[in-house]
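Take a look at the structure set out below.
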Amino acid sequence: MEISGIPFGTTDWSSVDAIQHKGESGFAYWRTRQFGGMRVRMIEYTPGYLADHWCTKGHILLCVEGELHTDLEDGRTFTLRPGMSYQVSDGAEPHRSYTKIGAKLFVVD
């Protein structure tokens, strides 16, 4: 990854408006900043959230709070707890996430 053309800056995530996205169940609240072609998000999933689609977008994702379960289309399942991350490239393994207790994530894509 090459990051260029972005001056030094800070983000107070509490001042970025949260946009609600409905899942198959529960909700995701995205706080999003765009830096050139790079999207950076702080996402909060409500307890019981289940994504409504299989995602093929690449991400680097860090679990900040809670617990996130991610299923891959090939049947593998992974669980992230605070301090754990995953990375996947565009068009690689389709993935779908859910949480029983809620989760807060930092995502770069």
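Numbering (this note's numbering), first residue to last: 14 to 122. Where a beta carbon is used, it is the ideal one built from N, C-alpha and C, also for glycine.
- For residue 57, the pairing in a beta bridge is given by DSSP as 42 and 117.
- Rounded to whole angstroms, the gap between the alpha carbons of residue 104 and residue 86 is 12 angstroms.
- In this structure, the alpha-carbon of residue 25 lies about 26 angstroms from that of residue 64.
- Its Cα nearest to that of residue 100, the residue 120 stands out among 52, 120 and 47.
- Residue 98 places its beta carbon less than 7 angstroms from that of residue 74.
- At a Cβ-Cβ threshold of 7 angstroms, residue 19 and residue 61 do not count as neighbours.
- Scanning 108, 16, 17 and 30 for the CA closest to the CA of residue 54 turns up 30.
- Per the DSSP secondary-structure output, residue 70 pairs with nothing in a beta bridge.
- With respect to the 7 angstroms criterion, residue 95 and residue 69 are not classified as neighbours on the basis of their beta carbons.
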